[in-house]
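**Q** Take this structure first; my questions come after.
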Amino acid sequence: MDYLLGAERRRSGPLARVVAFILRLALAVLIPLIAFFVLYQGFLFLRAGDAPKWLVAVIAIIWGVGGVAVLYWIFNWLVEMLPDQWTAWLQPFVFIGPAIAILAWYLAVPTVRSFVISLFDRDGLSGAFIGLRNYLTIFTDRQMLQAFRNNILFWIGIATPLTVSFGLLAAVLADRSRWERVAKSLIFMPMAISFVGASVIWNFVYEVKPVGAPQIGLLNAVLTALGGQPQAFTAWTAIAPFNNLFLVIIVLWLQAGYSMTLFSAALKGIPEEILEAARVDGANELQVFFKIMIPYISGTIITVTTTVIIFTLKIFDVVWVMTGGQFGTEVIATQFYRTSFNARNAGLGSAIAIVLFVAVIPVMIYNLRRFKESEAF
Amino acid sequence: MTRLQKLRGPLLVNLALALIVVIWIVPIIGLLVSSFRDRQSVQTTGWWNILPHRAWVASESLDPRAEGLVVDEENRVIEVYGTKTTFDELRQGIDVEGKRVQWVGNWRIGKIEVQERKWQVSWDFTLDNYRQVLGGKDFVYNRPDGTQEVIPGDDMWGAIFNSIAVAVPSTVIPILIAAFAAYGFAWMKFPGRRLLFVLVVALLVVPLQIALIPILQFYNKVQLNGTYLAIWLAHTGFGLPLATYLLFNYISTLPRETLESAFIDGASHFTIFMKMILPLSIPALASFAIFQFLWVWNDYLVALIFLGGDKSLMVVTMRLANIVGDRGQDWHLLTAGAFITMVLPLLVFFGLQRYFVRGLLAGSVKG
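For the record, the sequence lines run as chains A and B. The numbers in numbering that gives the first Met the number 0 rise by one with no breaks, and the one at position 61 of the first sequence is 60. The numbers in numbering that gives the first Met the number 0 rise by one with no breaks, and the one at position 148 of the second sequence is 147.
Here it is as structure tokens:
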């Protein structure tokens, strides 16, 4: 279209040029207006939601995805109509602007806002300023201390090393077997299952019936067949706090596939010659594993460990659905949810979120350092 | 190495691996099997009873009073096969000549069963559990004793549509936005480029909990709460750092010469992006798409907060969590419901596993 208008200009007189200019201006205003109007109508339609469900779903998808594409197209079109110098200056912002705006609005600004809210009482910014008192509460409240204990001792201290070492074990075993792909797929499969779904699966494994009645939960059936007493594993307060281990098992089941996949790829990256040379020199398999493989994949071990730590730090769904934080299984994220959305204490809830944020700052710094060292920029 | 040693190594490896695999899939098999079993069976017997096992099966049924087996009506004493027992003992069942005799029912109108131990399988499969969980209307359940019970359905069908309407845009929108941004960072020069990318890297690990309260307050102010748009934008925001980071890593390594020759031919950034970069980046786009789709489909927390309590908008994970909360003992429904939430992600997973793994390997730290 630009090309056509340009060709027109060369052939015609000043009047036609003015008309063309006005037309262009009108188009530049009209097209975005029409687009916004259509998008807004779509939004109203979706919000009303009287139409059949599948129709709403289809229109929602077209509206959402198409809307974003159309917005990009319009803004780019507007920028390209400007003089070349302006285009070169503005176009980068058309490309990265939306991403930066959303990142800022959904992550960066909320971080600052959460910090400010955390200095106020339960009504947030419209309440009273109470300084650091929310943080004092966090580090003295009995439930919060229990959450810290569980997050640090069970989730970071036990679940993380278990997931890492189990993944490594599975990767090494699979690497040497003939049915590597099938085995890896099956161990990896839980990664595709939601935490809520996994909670149902394991709740069923842990299901308990009264003594004497047939046990329909697998674990209790095995236990009673061996002569034991049936137990409500996650609610087994007699062994508290070690009933947390039964939640840890679920996360191990969910996450071991992730760590296995990364280790498997790393192991395949070790040059065969090095392994062969060590074996020829008389090293046994254990020595090869500890003296060559482990050092070689240490980078991957760090990556997997930090990822799993970050994941377990924020663990929520499994605990929420399995026990609701009862029986001494409270974690930071369930405390956050309960405080913010059940007790509606915005100040204290934000303070808990800030504690979570502070906990990942070391990882953030590590990432930034690695980025600085990289040659990408 | 002797031949025996040579054989022993792989055997141990395969056995250990097989053990792990079995432990990993048995919980899922239990779920799947139970979801197809009759309600009564699920509640009273373990799912492994579908395998051949030995169990007491009634071979004969006697009416105790008609047969004159009750010898003392007042003290409830019964004589069977020449032995006198009390009612309480007989209810537990007593062993007589390798058979078991048991009183079934109450004292007034019960009967006596003679049971033999036989090999059997309990294959009482049904699709009722799925009908009930999927349907939005009331479901009539016929109890074994002939009475009926009306149970409200859980409308999982509706929830599946909601989940699709949430997950597809929540996957495509961040990809589109991130691809534009990744191209901008990789191929355009502008002030603040490095600083802005540092922001992206820093935000990679920010826990999304930190954003929930401020965004909820913002949504309340602009009345976005409980709309699809609200949750798309939230998922877009939370997925964008990883998407931008991954796509930048990929797009910045595309061969520079091809792009430069396109520039010389007079193509604009927009055309190059649409016609060359997007098609070339399909592997990276697919990797992230699977990642994000699974993440959004399986998400519970974000949906719980931004879709609110509106039943008509509930996604599958919320529906399932609701069944857990309301009817946590109804295993026939829970297992069917859980399997419904898993079908689509498992299909995506097995169909596109290669891309998923590639995405994982490219970086998998998400906030």
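No residue lacks a Cβ here, since even glycine has one placed at the ideal position from N, Cα and C. No experiment lies behind these values; they were computed from the predicted model shown.
1) Taking beta-carbon pairs under 7 angstroms, can you tell me which members of the region 288-308 of chain A lie near chain B?
2) Taking C-alpha atoms, which residue in B:A164, B:I24, B:P344 and B:P9 lies nearest to A:K183?
3) Can you give me the start and stop residues for the alpha helix (DSSP H) that B:Q119 sits inside?
4) Taking its Cβ as the centre, do 16 or more other Cβ atoms sit within 10 Å of A:E284, making it buried, or is it exposed?
5) Below 8 angstroms, how does it come out for the region 148-156 of chain A and the region 310-321 of chain A: are there three or more Cβ pairs, yes or no?
6) Any beta carbon from chain A within less than 8 angstroms of B:I304's own beta carbon?
7) Can you pull the chain B neighbours of A:V320, defined as C-beta to C-beta under 7 angstroms?
8) Spell out the partners DSSP gives B:R53 in its beta bridges.
9) Can you name, in chain order, every residue of its own chain whose Cβ lies under 8 angstroms from the Cβ of B:E332, other than the five neighbours on each side?
10) Report yes if the C-beta distance between A:V163 and A:I300 is below 8 angstroms; otherwise report no.
11) Which of helix, strand or coil does DSSP assign to B:L253?
12) Check the Cβ-Cβ distances between A:A146 and every residue of chain B, and say whether any is below 8 angstroms.
13) So if DSSP puts A:F119 in a beta bridge, which residue, or which two residues, is it bridged to?
14) Measure from the alpha carbon of B:P63 to the alpha carbon of each residue in B:G45, B:V21, B:L284 and B:L89, then state which is nearest.
15) DSSP three-state label for A:E284, please.
16) Does the beta-carbon distance from B:A166 to A:V55 come in below 8 angstroms?
17) Quick check on A:S349: does DSSP put it in helix, strand or coil?
18) How many angstroms separate the CA atom of A:V108 from the CA atom of A:N150?
19) Could you tell me whether the Cβ atoms of B:L203 and B:L258 are closer together than 8 angstroms?
20) Label B:E72 either buried or exposed according to how many other C-beta atoms from any shown protein chain fall within 10 Å of its C-beta, with 16 as the threshold for buried.
21) Among the residues of its own chain, which have a CB less than 8 angstroms from the CB of A:L266, if the five just before and after it don't count?
22) Take every Cβ of the region 188-207 of chain B, pair it with every Cβ of the region 89-101 of chain A, and state whether three or more of those distances are shorter than 8 angstroms.
23) Buried or exposed: A:F289, going by 16 or more other Cβ atoms within 10 Å of its Cβ?
24) Note the first and the last residue of the continuous alpha helix (DSSP H) segment covering B:E78.
25) Which residues bound the beta strand (DSSP E) around B:R326?
26) Would A:S176 pass as a contact of B:L18 if the rule is Cβ separation under 8 angstroms?
27) Residues in the same chain with beta-carbon distance under 8 angstroms from B:M0, minus the five sequence neighbours each way, listed in chain order, please.
28) How many angstroms separate the CA atom of B:W55 from the CA atom of B:K117?
29) For the beta strand (DSSP E) that contains B:S83, what are its first and last residues?
30) Which residues of chain B have a Cβ atom closer than 9 angstroms to the Cβ of A:S349, listed in chain order?
31) Taking DSSP as the reference, what is the three-state secondary structure of B:S286?
32) Whose Cβ in chain A lies nearer than 7 angstroms to the Cβ of B:L203?
33) Between A:M188, A:I331 and A:I238, which has its C-alpha nearest B:V374's C-alpha?
34) Taking Cβ-Cβ distances shorter than 8 angstroms, what residues in chain B pair up with A:W252?
35) Any idea if B:I35 is buried or exposed, counting beta-carbon neighbours within 10 angstroms, 16 or more meaning buried?
36) From the DSSP secondary-structure annotation, give me the bridge partner or partners of B:E59.
**A** Taking the definition as stated:
1) T306
2) B:I24
3) B:Q119 -> not in any alpha helix (DSSP H); beta strand (DSSP E) instead, spanning K110 to Q119.
4) exposed
5) yes
6) B:I304 counts as touching chain A.
7) By Cβ distance, chain B contributes A320 and V323.
8) B:W118
9) Here residue 332 of chain B turns out to be Leu, not Glu, going by the sequence shown. Excluding positions up to five away in sequence, the list reads N128, Q131, V132, D153, I322 and R326.
10) Yes, they are a contact pair.
11) coil
12) no
13) A:F128
14) Per the Cα distances, B:L89.
15) In the three-state reduction of the DSSP assignment, A:E284 falls in the helix class.
16) no
17) When secondary structure is reduced to three states using DSSP, A:S349 falls in the helix class.
18) Looking at the two C-alpha atoms, the distance is approximately 27 angstroms.
19) Not closer than 8 angstroms, so no.
20) exposed
21) So the qualifying residues of the chain are A170, V171, D174, M292 and I296.
22) Segment contact: the region 188-207 of chain B against the region 89-101 of chain A, three or more CB-CB distances shorter than 8 angstroms; contact assigned.
23) exposed
24) Per DSSP, B:E78 belongs to no alpha helix (DSSP H); it is in the beta strand (DSSP E), V76 to V79.
25) Premise fails: B:R326 is in no beta strand (DSSP E) and is neither H nor E.
26) no
27) Its pLDDT being 48, under 50, B:M0 is placed unreliably by the model, and nothing is read from it.
28) 6 angstroms
29) According to the sequence displayed, residue 83 of chain B carries Lys and not Ser. B:K83 -> beta strand (DSSP E) spans T82 to T85.
30) I209, I212 and P213
31) helix
32) N366
33) Examination of residue 374 of chain B is not possible in this model, given that chain B is present from 0 through 366 alone.
34) W23 and P26
35) The sequence given here places Phe at residue 35 of chain B; Ile does not occur at that position. So B:F35 counts as buried.
36) Listed as beta-bridge partners of B:E59 by DSSP are B:V113.
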